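Participant: Residue numbers (the working numbering): 5 to 168.
1) Measure from the alpha carbon of residue 52 to the alpha carbon of each residue in 127, 154, 91 and 86, then state which is nearest.
2) Bridge partners for residue 127 per DSSP, in chain order?
3) Hey, how far is the Cα of residue 23 from the Cα of residue 14?
4) Kindly indicate the opening and closing residues of the beta strand (DSSP E) around residue 84.
5) Can you tell me whether DSSP reads residue 50 as helix, strand or coil?
6) Have a look at residue 38 and residue 20 and give me their C-alpha separation to the nearest angstrom.
7) So residue 92 and residue 62 are in contact, right, with Cβ under 8 Å, and what is the actual spacing, rounded?
8) Looking at residue 68: is its Cβ nearer than 8 Å to the Cβ of residue 75?
9) So what's residue 66 in DSSP terms, helix, strand or just coil?
10) CA-CA distance, residue 79 and residue 50?
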């Protein structure tokens, strides 16, 4: 049995049906509403950092390639590590009381050393390795706020490599 006389067949016939057109317009809107509704119900609200507590920092994507900088983040706390003048410079989005860092190999952990606060409000540390000696090294950081809250993070040093 073919289509009714005078009616187009195939895709043209389907798209000529007003119910199909309305469904094609409404379905994406309903999907977006469902996506945001589930997110609102399931996600937990951000909480302020408590004095004396310790929180991890997550690596942002710029830490994974030769970008020249690495961003470590947890909600509104952001630490940016960059290379400058044979050393590392750390810029923070919040006031810090002190920063400890270590450059560790997989099999050997170095003792943490303090970074120095510069006049510009950044934190600076020497980089005792040449850029071609960075393979296998991990940068570990612990930053403390005046309220006693600590943030810690770890990343590879791929971001320090010269861009190809």
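The beta-carbon is built from N, C-alpha and C at its ideal position, and this holds for glycine as well.
These numbers were taken from a predicted model, which means no experiment stands behind them.
Facilitator: Answer, in terms of the structure:
1) Locating residue 52 in the chain shown gives position 48, where the first residue counts as 1. That would be 154, whose Cα lies nearest to the Cα of residue 52.
2) Numbered from 1 along the chain shown, position 123 holds the residue referred to as residue 127. DSSP lists 94 and 121 as the beta-bridge partner residues of residue 127.
3) Mapped onto the chain shown, residue 23 falls at position 19. Mapped onto the chain shown, residue 14 falls at position 10. The alpha-carbon atoms of residue 23 and residue 14 are separated by roughly 16 Å.
4) Looking up residue 84 in the chain shown gives position 80. Segment 81-87, the beta strand (DSSP E) holding residue 84.
5) On the chain shown, position 46 is the one that residue 50 refers to. Three-state DSSP puts residue 50 in coil, outside helix and strand.
6) Counting from 1 along the chain shown, the entry for residue 38 is found at position 34. Counting from 1 along the chain shown, the entry for residue 20 is found at position 16. Cα to Cα, residue 38 sits roughly 28 Å from residue 20.
7) The residue labelled residue 92 in the question sits at position 88 within the chain shown. The residue labelled residue 62 in the question sits at position 58 within the chain shown. Between residue 62 and residue 92 the Cβ distance is about 19 Å, and since that is not below 8 Å, they are no contact.
8) As a first step, residue 68 is located in the chain shown; it is residue number 64 there, counting from the start. As a first step, residue 75 is located in the chain shown; it is residue number 71 there, counting from the start. Not closer than 8 Å, so no.
9) Within the chain shown, numbered from 1, the residue matching residue 66 stands at position 62. DSSP places residue 66 in helix when its eight states are reduced to three.
10) On the chain shown, residue 79 is found 75 positions in, with the first residue counted as 1. On the chain shown, residue 50 is found 46 positions in, with the first residue counted as 1. The straight-line gap from Cα to Cα measures roughly 8 Å.
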